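J.: These protein sequence lines are chains W and H, in that order. The first sequence begins at 1 in our numbering and counts up one residue at a time. The second sequence begins at 344 in our numbering and counts up one residue at a time. Positions of the beta carbon are idealized from the N, C-alpha and C atoms, including for glycine. Computed from a predicted model, the values in this text were never measured in an experiment.
Protein chains: 2
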Amino acid sequence: MTMSNTGGRRKPPTIHDVAREAGVSRGTVSRVLNGGHYVSPTAAEAVNAAIRKTGYVVNRHARSLITGRSDSIGFLLTEPQERFFEDPNFNVLLRGCTQALAAHDIPLLLMLAGTEDERRRITRYITAGHVDGVLLVSSHSGDPVAQELCEAGVPLVACGKPIGLGSKVSYVAAADRDGARDMVRYLLSLGRRRIAVVTGPLDTPGGVERLAGYREVLAEEGIEYDDRLVVSGDYSRASGEAGAERLLAQCPDLDAVFVASDLMAQGVLTALERAGRSVPQDVSVGGFDDSSAALAARPQLTTIRQPYDRISAEMVRVLLAQIGGEDPSAVILPTELIKRGSA
Amino acid sequence: MTMSNTGGRRKPPTIHDVAREAGVSRGTVSRVLNGGHYVSPTAAEAVNAAIRKTGYVVNRHARSLITGRSDSIGFLLTEPQERFFEDPNFNVLLRGCTQALAAHDIPLLLMLAGTEDERRRITRYITAGHVDGVLLVSSHSGDPVAQELCEAGVPLVACGKPIGLGSKVSYVAAADRDGARDMVRYLLSLGRRRIAVVTGPLDTPGGVERLAGYREVLAEEGIEYDDRLVVSGDYSRASGEAGAERLLAQCPDLDAVFVASDLMAQGVLTALERAGRSVPQDVSVGGFDDSSAALAARPQLTTIRQPYDRISAEMVRVLLAQIGGEDPSAVILPTELIKRGSA
DNA sequence: TTCTCTACTGTGAACGCTCACAGAAGCATG
DNA sequence: CATGCTTCTGTGAGCGTTCACAGTAGAGAA
């Protein structure tokens, strides 16, 4: 119908052109391209020179057609979309994964599975083999997409321990429980005794583990667990604000709040300010993540740093290993207490 | 060496399998797949049934090999990477583009060109024809990547008017000048007369235009332009904070600040708070973007809304049209004044 | 009837690459 | 001299599609 490529792109050189230019055969060029074993130094040099001269770039479609690999990776987000907007962690993760893959010359396909339709479309796309593996961000339990991909045998690495996918799925996570323990111990060291907590969603391992760390430390220190001091949120700023208001109503005597994410902690700060409690004088507030929200908050948040740069790098490493035939594995990375103004 | 695909993925059905199942030829199946012209209802029905039965999904690599199209689009970010972290606008844009493309069943490849190496790698990748077109986010002038892509005739749509790429490149932008005018007029309507401004980078059209809008309105109202009331930032929160401090030092009598981005406005609020100025009583603050930062700020920001959802949708529309052979075009979308607590 | 036109269908070739195989050359060993 | 081994190279086949072309069947017109 219409003339394509108005700009006038010319036909790119093929492996054949390079072969002719270098005075060798296609096979030799291909060998130079992939590994370079069993090829003489002279031939290799000639081929490389020809590649430079012609400006040859391999046609990945042709390669994929025969190898069966796509040499690309999907970054799949099955969280509700609002979180993607709001949560600075996703940015960091996405960037880290993109860069780690770039080092292997592997493009990243961004896939957002918000609606049911999108879910189906993406599942088909992936199981059809259009990506070699999937980096999954979805902490919610019983994710049907993840389930299907697992069953279809698609290499998969989750960010955070997935629930209900059996033990055969790889994941990379921060040491949530340890991090929570560090924070609660720190709050105790400040002399706080009525420490409230705003948990993450309790159908996610992150949410569960951080609460578990809190309870462990309390038990170890002989402090009674008071469930009026515990409310749960969904990692959003709004849920932090609402949670803090519930806490203030239930336990006006609280002197610290451990919040399971920095974004929620922002909301907590807002609620405390409105209630006339000053931070950190009246109430100490501890966050979790060390996302950019921690620096944006007023006062800046004392928080538990999740090493997102390392997490993304590990996710990519584990996924590529798995695509290469290795068994699934789990990686837990240590967290770090970062002290700032809020506690 | 190693056995690939431990999970045991089976070979997916091909067009041949579908043809056999439906009792027709490859050609007919292909015709049903692409448009469906010149194919009898009976055959079409049989083919569709066979597709459903076999679970057939087209092999895009094989298709691309022959059509020359890749049926994928690159989302290219050449901004310094920190902005990508911090700025909530990117998220919205990225999400919007991904979804708009998903509606056309076109995957989005995320490309971050931070370092010089990455720039080269990505340029080669794109000019080699591995994507059909590029959605470009890079407002900085003289972007070498954009330049090269343009010259190579790669279909390209920029977010915001690009500088120095000639008039033959498509772009989608908000009406920056109008938006700035609306905000300044609104601040005047509040009785403010000493209106300071924190501009964006002045090597970007956005930065220039928003400042121009400010000056226009001042001139129209017969208010003298005072360049001590003008400082420029780089859209980051930190630069907003620093800018406000300079302004307060230079012009302690300022009674309003028009800030060229919400993120910078957050920094401005911080600096004003530290200086003991209350917002909006002592000083009115107006932002720009209506990003999530506007809601996160305290008080919430009165701002100029950029319709990012429409911008991303238009970017995709224009790009696809251009790939289809149409000429480059520019789209300017209207902004909207959103009143909240800060002014 | 015969011819033409339209609506539809099948077939071979090609896209650019990798892979398996065959073969050539060089060198050491029997 | 034959044999085997290692290192290197070229060649044909095939990956799963689309595209151009040829061909068939049926309807309508001459």
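Of all the residues that make up the segment 599-627 of chain H, which are near chain W by a beta-carbon distance shorter than 8 Å?
T.: Those would be Gln609, Thr613, Glu616, in chain order.
J.: Give a yes or no on whether 7 Å exceeds the smallest Cβ distance from Leu218 (chain W) to chain H.
T.: Reading the first sequence from its first residue, position 218 is the one you call residue 218 (chain W). Not an interface residue.
J.: Would you please state the rounded distance, in angstroms, between the beta carbons of Cys376 (chain W) and Arg194 (chain W)? I believe it to be under 8 Å.
T.: The requested residue 376 (chain W) does not occur in the structure, where chain W is confined to residues 1 to 343.
J.: Please list, in chain order, all residues of the same chain as Arg524 (chain H) whose beta carbon is under 7 Å from its beta carbon, the five residues on each side excluded.
T.: The residue you call residue 524 (chain H) lines up with position 181 of the second sequence. Answer for Arg524 (chain H): Gly556, Glu559, Val560, listed in chain order.
J.: With 7 Å set as the bound, which would you pick, yes or no: does the beta-carbon of His380 (chain H) sit closer than that to a beta-carbon of chain W?
T.: Along the second sequence, one-based indexing puts residue 380 (chain H) at 37. Chain W contact via Cβ: absent.
J.: Alpha carbon to alpha carbon, how far is Gln281 (chain W) from Leu269 (chain W)?
T.: Numbered from 1 along the first sequence, position 281 holds the residue referred to as residue 281 (chain W). Numbered from 1 along the first sequence, position 269 holds the residue referred to as residue 269 (chain W). Between Gln281 (chain W) and Leu269 (chain W), the C-alpha separation is close to 13 Å.
J.: For Val32 (chain W), return the contacting residues in chain H, with the cut-off set at a CB-CB distance below 9 Å.
T.: Position 32 of the first sequence, counted from the start, is the residue given in the question as residue 32 (chain W). By Cβ distance, chain H contributes nothing, its closest Cβ being about 17 Å from Val32 (chain W), past 9 Å.
J.: Just to confirm, is the Cβ distance from Thr397 (chain H) to Val361 (chain H) under 7 Å?
T.: Taking the second sequence and counting its residues from 1, the one referred to as residue 397 (chain H) is at position 54. Taking the second sequence and counting its residues from 1, the one referred to as residue 361 (chain H) is at position 18. Yes.
J.: Alpha helix (DSSP H) containing Ser383 (chain H): first to last residue?
T.: In the second sequence, the residue the question calls residue 383 (chain H) occupies position 40. No alpha helix (DSSP H) holds Ser383 (chain H); DSSP gives it neither H nor E.
J.: On the DSSP bridge assignment, give the partners of Phe601 (chain H) in chain order.
T.: As a first step, residue 601 (chain H) is located in the second sequence; it is residue number 258 there, counting from the start. In the DSSP output, where bridge partners are listed per residue, Phe601 (chain H) has H:Val540, H:Gly629.
J.: So Tyr514 (chain H) is in the beta strand (DSSP E); what residue range does that whole segment cover?
T.: To locate residue 514 (chain H), count along the second sequence from 1; it is residue 171. First-last of the beta strand (DSSP E) with Tyr514 (chain H): 513-517.
J.: Check this for me: beta carbons of Leu76 (chain W) and Met111 (chain W), under 7 Å apart or not?
T.: As a first step, residue 76 (chain W) is located in the first sequence; it is residue number 76 there, counting from the start. As a first step, residue 111 (chain W) is located in the first sequence; it is residue number 111 there, counting from the start. Yes, the Cβ-Cβ distance between Leu76 (chain W) and Met111 (chain W) is below 7 Å.
J.: Report the rounded CA-to-CA distance for Pro671 (chain H) versus Gly133 (chain W), giving the unit in angstroms.
T.: Your numbering for residue 671 (chain H) matches position 328 in the second sequence. Your numbering for residue 133 (chain W) matches position 133 in the first sequence. If I take the Cα positions, the gap works out to 36 Å.
J.: So, does the CB of Ser236 (chain W) fall closer than 7 Å to a CB anywhere in chain H?
T.: One-based indexing of the first sequence puts residue 236 (chain W) at position 236. It does not; no Cβ of chain H falls within 7 Å.
J.: Whole angstroms is fine: what's the gap from Ser413 (chain H)'s alpha carbon to Asp448 (chain H)'s?
T.: Here residue 413 (chain H) refers to the residue found at position 70 of the second sequence. Here residue 448 (chain H) refers to the residue found at position 105 of the second sequence. Distance between the alpha carbons of Ser413 (chain H) and Asp448 (chain H) is about 12 Å.
J.: Give, in chain order, every unbroken run of the beta strand (DSSP E) that is at least 3 residues long and sits entirely within the segment 88-158 of chain W.
T.: Listed in chain order, they are 108-112, 133-137.
J.: To the nearest whole angstrom, what separates the beta carbons of Gln300 (chain W) and Ser342 (chain W), a pair I think is in contact under 8 Å?
T.: Within the first sequence, residue 300 (chain W) is the residue found at index 300, counting from 1. Within the first sequence, residue 342 (chain W) is the residue found at index 342, counting from 1. The Cβ separation is near 7 Å, so the contact holds.
J.: Which partner residues does Leu647 (chain H) have in the DSSP bridge list?
T.: By one-based count along the second sequence, residue 647 (chain H) stands at place 304. Note that residue 647 (chain H) is Ile in the sequence shown here, rather than Leu. Answer by DSSP bridge pairing, in chain order: H:Leu680.
J.: Give me, in chain order, the residues of the same chain whose beta-carbon lies closer than 6 Å to that of Ala271 (chain W); leave out the 5 immediate sequence neighbours on both sides.
T.: Within the first sequence, residue 271 (chain W) is the residue found at index 271, counting from 1. If we look at Ala271 (chain W) and ignore the five residues flanking it on each side, its Cβ neighbours are Glu241, Ala244, Glu245.
J.: For Gly74 (chain W), list the residues DSSP reports as bridge partners.
T.: By 1-based counting over the first sequence, the position of residue 74 (chain W) is 74. Answer by DSSP bridge pairing, in chain order: W:Leu109, W:Val134.
J.: Is the beta carbon of Ile332 (chain W) closer than 7 Å to that of Ala175 (chain W)?
T.: Residue numbering aside, residue 175 (chain W) sits at position 175 when the first sequence is read from its first letter. Residue numbering aside, residue 332 (chain W) sits at position 332 when the first sequence is read from its first letter. Yes. Within cutoff.
J.: By the 8 Å beta-carbon criterion, what residues does the segment 87-112 of chain W contribute toward chain H?
T.: Within the segment 87-112 of chain W, the qualifying residues are Pro88, Phe90, Asn91, Val92, Leu94, Arg95, Thr98, Gln99, Ala102, Asp105, Pro107, Leu108, Leu109, Leu110, Met111, Leu112.
J.: Starting from Val32 (chain W), follow the alpha helix (DSSP H) in both directions and report where the run begins and ends.
T.: The residue you call residue 32 (chain W) lines up with position 32 of the first sequence. Val32 (chain W) -> alpha helix (DSSP H) spans 26-33.
J.: Assuming Ser232 (chain W) is part of the beta strand (DSSP E), what are its boundary residues?
T.: For the purposes of this step, residue 232 (chain W) is taken as residue 232 along the first sequence, with counting starting at 1. Per DSSP, Ser232 (chain W) belongs to the beta strand (DSSP E) from 230-232.
J.: Can you find at least 3 beta carbon pairs, one from the segment 260-268 of chain W and one from the segment 197-206 of chain W, that sit closer than 8 Å?
T.: Output reads yes: the segment 197-206 of chain W touches the segment 260-268 of chain W.
J.: Can you pull the chain H residues whose beta carbon is under 7 Å from the beta carbon of Leu65 (chain W), in chain order?
T.: Within the first sequence, the letter at position 65 stands for residue 65 (chain W). Ordered by position in chain H, the residues that pass the 7 Å Cβ test against Leu65 (chain W) are His404, Ala405, Leu408.
J.: Closest Cβ-Cβ distance between Val477 (chain H) and chain W: below 7 Å?
T.: Reading the second sequence from its first residue, position 134 is the one you call residue 477 (chain H). By this cut-off, Val477 (chain H) is not an interface position.
J.: Please return the same chain residues whose Cβ sits closer than 7 Å to the Cβ of Met315 (chain W), not counting the five positions on each side in sequence.
T.: Along the first sequence, one-based indexing puts residue 315 (chain W) at 315. Answer for Met315 (chain W): Cys97, Leu135, Val157, Cys159, Val172, listed in chain order.
J.: First and last residue of the alpha helix (DSSP H) that includes Thr410 (chain H)?
T.: Taking the first residue of the second sequence as position 1, residue 410 (chain H) is located at position 67. Note, Thr410 (chain H): alpha helix (DSSP H), 403-410.
J.: Examine chain H for any beta-carbon lying closer than 7 Å to the beta-carbon of Arg124 (chain W), and answer yes or no.
T.: Taking the first residue of the first sequence as 1, we reach residue 124 (chain W) at position 124. Yes, Arg124 (chain W) lies at the interface with chain H (some Cβ there is under 7 Å from its Cβ).
J.: Is the Cβ of Glu588 (chain H) closer than 7 Å to any Cβ of chain W?
T.: In the second sequence, counting from the first residue as 1, residue 588 (chain H) sits at position 245. No, Glu588 (chain H) does not count as interfacial toward chain W.
J.: For chain H, is any of its Cβ atoms less than 7 Å away from the one on Pro12 (chain W)?
T.: Reading the first sequence from its first residue, position 12 is the one you call residue 12 (chain W). Closer than 7 Å to some Cβ of chain H, the Cβ of Pro12 (chain W) qualifies, so yes.
J.: For a contact defined as C-beta to C-beta under 7 Å, what are the partners of Phe84 (chain W) on chain H?
T.: Mapped onto the first sequence, residue 84 (chain W) falls at position 84. Near Phe84 (chain W) (Cβ distances below 7 Å), the residues of chain H are Asn434, Arg438.
J.: Report the three-state DSSP secondary structure of Ala673 (chain H) (helix, strand or coil).
T.: Within the second sequence, residue 673 (chain H) is the residue found at index 330, counting from 1. The answer is strand: DSSP assigns Ala673 (chain H) an E or B state.
J.: By Cβ distance below 8 Å, which residues in the same chain neighbour Ser347 (chain H) in space, the five residues on each side in sequence not counted?
T.: Here the question's residue 347 (chain H) lines up with position 4 in the second sequence. Because Ser347 (chain H) carries a pLDDT of 37, less than 50, the predicted location of this residue cannot be relied on, and no value is offered for it.
J.: Closer than 7 Å, CB to CB, is Ala471 (chain H) near chain W or not?
T.: Translated into the one-based positions of the second sequence, residue 471 (chain H) becomes position 128. Yes, Ala471 (chain H) counts as interfacial toward chain W.
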